[in-house]
Each structure stands twice: as C-alpha cells, then as structure tokens.
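Here the structure is laid out as structure tokens; the discussion comes afterwards.
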Amino acid sequence: MTHTLNRPTPGTALVHCIVGARPNFVKIAPIMSALQASPRLRGRLIHTGQHYDLRMSEAFFEDLAIPAPDRYLGVGSGSHAVQTARIMESYEALLLTDRPDLVLVVGDVNSTLACSLVAAKQLVPIAHVEAGLRSGDRTMPEEINRLVTDALASILLTTCAQADQNLLREGIPASKIHMTGNVMIDTLLRCLPLAETKQLPARLGLTPGAYAVATIHRPSNVDTADGLARMLTVLEGVGRSLPVILPVHPRTAGRFADLGFAERVKKCPGLRQVEPLRYLEFLDLMRQARLVLTDSGGIQEETSVLGIPCLTLRPNTERPITIEQGTNLLVGTDPAVVLQAAADVLASPVPPRAAKIKFWDGRAADRIVAVLESSMPVAGQPAG
Ligand code: UD1
3 MTHTLNRPTP GTALVHCIVG ARPNFVKIAP IMSALQASPR LRGRLIHTGQ HYDLRMSEAF
63 FEDLAIPAPD RYLGVGSGSH AVQTARIMES YEALLLTDRP DLVLVVGDVN STLACSLVAA
123 KQLVPIAHVE AGLRSGDRTM PEEINRLVTD ALASILLTTC AQADQNLLRE GIPASKIHMT
183 GNVMIDTLLR CLPLAETKQL PARLGLTPGA YAVATIHRPS NVDTADGLAR MLTVLEGVGR
243 SLPVILPVHP RTAGRFADLG FAERVKKCPG LRQVEPLRYL EFLDLMRQAR LVLTDSGGIQ
303 EETSVLGIPC LTLRPNTERP ITIEQGTNLL VGTDPAVVLQ AAADVLASPV PPRAAKIKFW
363 DGRAADRIVA VLESSMPVAG QPAG
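So the sequence shown is numbered by my numbering: it starts at 3 and just counts up by one.
Below, the structure written as structure tokens:
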C-alpha cells in the first residue's frame with residue numbers, strides 16, 4: 003500500500019494502532035471498534051507484517067472483522083535483531099510522515115517493542131495495552147519486550163491488579179497506570195456465539211468433552227532437542243488416554259523437521275496434527291475440550307474464562323491470576339509432573355468453574371478508549 007494517508011478530521015487525535023503477530027489481532031479487534039465510536043480519536047491500523055501467512059494473519063482479520071490495515075510494513079521473519087530493526091526502520095519512516103498523536107501497542111511481541119522504541123525516540127506518547135505482566139524470566143524474549151515497552155509508555159493499561167503492583171514496584175507512577183481489563187476476553191465473549199456454529203469437534207470426528215487440545219511454540223520448548231523431547235513425552239502420555247489435537251505453529255513445524263522429530267511426531271499415539279486454526283475454529287475446539295495443554299500466554303486466560311482445565315507447559319507464567327482465580331492448574335515442563343496433573347484432570351468428574359475476573363467482562367476496550375480520550379483533552383496534546 004503506498005497511498006498517502008489523510009490527516010484526520012481537525013479536532014480529533016490520530017492514534018496509530020500497531021499489530022504484527024497473531025495474538026495482537028485478537029487484542030486490537032475490540033479497540034478498533036471502540037475507537038470508531040469515539041468522536042475525539044481517530045484510529046489508524048498499522049500491520050508490521052511480523053506474521054504474514056494466511057492462517058497466522060489474514061484469517062484473523064476476517065474472523066474478527068478487523069478493518070484492513072491502513073499500512074502494511076511487510077517486514078516478515080528474521081532473528082530478533084533483524085526483525086526488530088526492520089520494523090523500526092520502516093515504522094519510523096511512516097511515523098515521521100504521518101505524525102500520530104499517540105502510538106498504541108498491545109502485548110509483548112517484537113512489533114510491540116520495535117514501534118515503542120521508534121515512538122519514544124520521536125517523542126510521541128505510547129499507550130501499552132496489557133502492561134505490567136511479568137514472568138520474572140529474562141530468558142523469554144517477551145519479558146524483555148514487556149519491560150522495555152512499559153519503561154517507555156506514558157499510558158499503561160493493565161488487565162489485573164497484580165500487573166499494577168508489578169509496575170508500581172518498578173517505580174512507574176500510579177498516575178500512568180489504569181486497570182482497564184482484558185481485551186482478549188472482549189473478543190472471546192463477542193465471538194463465542196459465532197464460534198459455537200463452527201462444529202469443529204464434529205468436523206474433526208471428535209466427541210465433545212473427550213479430547214485434548216495442545217499448542218506449543220515457545221523457543222524454550224521447541225528450539226532445542228531437549229525441549230521438544232520433553233513436549234513429545236507429554237503429548238505421547240496424554241495421547242494414550244484421549245485424542246490430542248495439535249494445531250502446529252510454523253515455528254514448531256520447522257523445528258520438528260530441523261531437529262529430526264518428524265517421525266516421532268507422526269508415530270505419537272492419539273496425536274492429530276492440524277494446520278494453525280482460525281480464531282473461531284480454535285475457540286470452538288477449545289471450549290469443548292476436556293483438557294488444554296499450552297505454552298501460550300493468551301490461552302491461559304481464555305481457558306480460565308471458558309472453565310476448561312489448562313496445563314501450562316512453561317517453567318513460569320506472567321499471568322498468575324489464571325492460577326489464583328482461573329483454571330490454570332499447573333505451570334511446569336517436567337513430563338512426569340505434567341502427566342500426573344493430566345491424569346488428575348481426567349480422573350475428576352467435575353470440571354473447574356469458569357472464572358469471573360474483575361474487568362474481564364467484554365468492556366475493556368471501552369474503558370481503554372475512555373482513558374485515552376481523557377488523556378488527550380486537546381487533539382495532539384497529551385495531558386500531563
Ligand atoms: C511470536 C511472538 C510470540 C507470540 C507468537 C504467537 C515475538 C518475540 N514472539 O512468536 O510472543 O506468542 O508470535 O504466534 O514476537 N512464520 C511463518 N509464518 C508466519 C510467521 C512466522 O512461517 O506468518 C515462521 C517463520 O519461520 C519464523 C517463525 O515462524 O521465523 C517464528 O516467527 P516469529 O514472528 O519470529 O516468532 P513466533 O514464534 O511466531
């Protein structure tokens with residue numbers, strides 16, 4: 003896309019909304035809708051192109067009815083430094099011509115970090131949606147992205163009180179922190195009725211409540227032979243009790259092949275590999291599962307709201323609220339411990355109760371836009 007972007011109507015502030023990778027699309031959807039209803043803010047959607055496959059990107063725009071991006075930067079894949087640098091270079095050029103009044107970033111992916119760095123150096127204020135989550139584990143690229151983005155942002159929009167506490171502990175003034183809730187849950191609640199029409203279990207020949215869903219893509223689980231071996235031991239163990247559906251992330255597919263695991267995966271009992279699923283398909287599959295095993299951040303939250311038992315295949319989580327108030331029953335990667343937890347879930351006749359977490363209620367995006375409006379009393383002039 004090379005057209006010149008129009009200036010927004012005088013009296014409205016221009017907000018660049020940044021997305022790049024799959025979970026960002028789920029988070030931005032309700033924010034774009036809420037911005038459309040705002041008389042004072044004009045949202046402009048910028049897609050960095052960090053994710054580009056049809057099933058990792060465009061399918062989410064379709065399922066979530068997100069308007070087509072105003073700009074697509076087309077950066078693609080690369081090492082962390084290469085990808086971050088490409089996003090920065092290409093976003094800086096756009097920011098300098100388009101001159102937004104505010105840059106809104108979501109989550110913790112490389113696009114979040116890269117665009118925040120560009121905005122900060124050009125003195126454009128940043129709003130960070132999903133601020134303050136901390137795993138305490140700096141070997142996770144996302145933890146670095148979260149720490150830097152929060153240090154640069156002037157409006158920090160959080161999903162829970164624990165995130166507020168993390169930010170306060172890091173010396174961020176309370177006046178910058180706003181607990182607005184969980185936009186991923188806005189999307190989930192809005193999409194559930196449509197997801198329910200997808201009949202995913204039937205389409206895959208599965209009985210509702212009698213299968214597991216697994217997702218793995220974290221570098222710590224899939225980028226080393228040891229990590230992958232642990233994951234496969236878990237999948238093999240669970241697959242002996244019930245079918246396990248594994249939508250395979252492109253990173254994981256690549257590592258299965260590169261690290262010589264393709265044959266073992268093919269022979270894994272009960273395991274069904276499928277392509278990455280569209281949002282509505284995945285939601286339908288997840289809501290009827292007996293058990294979910296995942297290393298994703300967002301899925302810990304989604305299963306909690308759906309009341310589906312979740313075992314988190316990571317040494318830690320930045321979302322402890324899902325353990326305390328949700329259905330995140332275990333966080334760990336030791337196969338013996340995970341398999342015992344899976345056996346406990348399968349032996350329990352009563353599924354856990356769906357979590358009711360403060361502000362995870364479908365209205366987070368409205369709260370976010372209200373905060374942004376009150377932070378920009380005069381177009382182009384952030385308050386404070
Ligand atoms: C990224 C995020 C991660 C998030 C995940 C969701 C960072 C550091 N990581 O991880 O936090 O949980 O997205 O999916 O930003 N690839 C494709 N097609 C695509 C995109 C990627 O084939 O559309 C392949 C490429 O080989 C690429 C690899 O997947 O090298 C990894 O992609 P990348 O964006 O670097 O990180 P993710 O693992 O997807």
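For glycine and all other residues, C-beta sits at the position ideal for the given N, C-alpha and C.
Asked: Contact defined as beta carbons within less than 8 angstroms: I believe leucine 285 pairs with cysteine 162. What is the distance between those atoms, to the nearest angstrom?; Found: That belief does not hold up - the Cβ atoms of leucine 285 and cysteine 162 are roughly 22 angstroms apart, past 8 angstroms.
Asked: Determine the burial state of serine 377: buried for a count of at least 16 other Cβ atoms within 10 Å of its Cβ, exposed for fewer.; Found: buried
Asked: Isoleucine 310 lies in the alpha helix (DSSP H); which residues open and close that run?; Found: Isoleucine 310 -> no alpha helix (DSSP H), and no H or E assigned at all.
Asked: May I have the straight-line CA-CA distance separating glycine 229 from valine 250, to the nearest angstrom?; Found: 16 angstroms
Asked: Going residue by residue through the segment 69–121, where are the continuous alpha helix (DSSP H) segments of at least 4 residues, counting only ones entirely within it?; Found: 82–100
Asked: Could you check if proline 351 is buried or exposed, using at least 16 other CB atoms within 10 Å of its CB as the buried criterion?; Found: exposed
Asked: Do leucine 16 and proline 102 have their CB atoms nearer than 7 angstroms?; Found: yes
Asked: For the segment 213–226 against the segment 175–183, are there 3 or more C-beta pairs whose distance is under 8 angstroms?; Found: no
Asked: Consider the C-beta atom of valine 2 and the heavy atoms of the ligand UD1; say whether any pair is separated by less than 6 angstroms.; Found: Nothing in the structure corresponds to residue 2, since the chain is present only between 3 and 386.
Asked: Starting from the C-beta of alanine 122, find all residues in its chain whose C-beta is less than 7 angstroms away, skip the five residues before and the five after it, and write them out in chain order.; Found: Ile128, Leu154
Asked: Leaving out the 5 sequence neighbours to the left and right, which residues in its chain are closer than 8 angstroms to asparagine 147 when beta-carbon positions are compared?; Found: Asp110, Val111, Asn112, Thr114, Leu115
Asked: Out of curiosity, what's the CA-to-CA distance linking threonine 314 and glycine 13?; Found: 47 angstroms
Asked: Between isoleucine 247 and leucine 190, which are expected to be in contact by the criterion C-beta below 8 angstroms, what is the C-beta distance as a whole number of angstroms?; Found: The pair is not a contact, with the Cβ atoms about 19 angstroms apart (cut-off 8 angstroms).
Asked: Give a yes or no on contact between the segment 134–151 and the segment 315–334, applying the rule of three or more CB pairs nearer than 8 angstroms.; Found: yes
Asked: Between the alpha carbons of aspartate 336 and threonine 226, how many angstroms are there, rounded?; Found: 15 angstroms
Asked: Give the DSSP-derived three-state secondary structure of isoleucine 187 in the structure shown.; Found: helix
Asked: Rounding to the nearest angstrom, what Cα-Cα distance links isoleucine 20 and tyrosine 281 in this structure?; Found: 19 angstroms
Asked: Within the present structure, is the beta-carbon of histidine 180 separated from the nearest heavy atom of the ligand UD1 by less than 6 angstroms?; Found: no
Asked: By DSSP, does glycine 229 sit in helix, in strand, or in coil?; Found: helix
Asked: Leaving out the 5 sequence neighbours to the left and right, which residues in its chain are closer than 6 angstroms to asparagine 184 when beta-carbon positions are compared?; Found: Thr161, Trp362, Ala366
Asked: With a threshold of 6 angstroms on Cβ separation, who are the neighbours of glutamate 94 within its own chain once the five nearest residues in sequence on each side are excluded?; Found: Val120
Asked: Along the chain, where does the beta strand (DSSP E) containing leucine 248 start, and where does it finish?; Found: 246–249
Asked: Hey, quick one: how far does the beta strand (DSSP E) through glycine 45 stretch, first residue to last?; Found: 43–49
Asked: Contact check, alanine 349 vs leucine 332 under 8 angstroms by CB: the rounded distance?; Found: Not confirmed; about 14 angstroms, so no contact.
Asked: Can you list, in chain order, the residues of its chain whose CB lies under 8 angstroms from that of leucine 66, leaving out five sequence neighbours each side?; Found: Phe27, Val28, Ala31, Thr189, Cys193, Tyr281
Asked: Using a threshold of 7 angstroms, state whether the C-beta atoms of lysine 200 and glutamate 304 are closer than that.; Found: no
Asked: Would you mind sorting threonine 4 into buried or exposed? The rule is 16 or more other CB atoms within 10 Å of its CB.; Found: For threonine 4, the pLDDT reaches just 40, beneath the cut-off of 50, and the residue's location in the model is therefore unreliable, leaving the point undetermined.
Asked: Pull up the DSSP beta-bridge partners for isoleucine 128, would you.; Found: Val105
Asked: What number of angstroms, rounded off, separates the C-alpha of alanine 357 from the C-alpha of glutamate 91?; Found: 42 angstroms
Asked: Within its chain, find whatever has a CB closer than 6 angstroms to the CB of isoleucine 157; leave out the 5 residues flanking it on each side and keep chain order.; Found: Ala129, Ser377
Asked: Rounding to the nearest angstrom, what Cα-Cα distance links leucine 244 and methionine 233 in this structure?; Found: 16 angstroms
Asked: Do glycine 76 and glycine 51 have their C-beta atoms within less than 7 angstroms of each other?; Found: yes
Asked: Rounding to the nearest angstrom, what Cα-Cα distance links arginine 292 and leucine 208 in this structure?; Found: 11 angstroms
Asked: Is the closest heavy atom of the ligand UD1 to the C-beta of arginine 24 under 6 angstroms?; Found: yes
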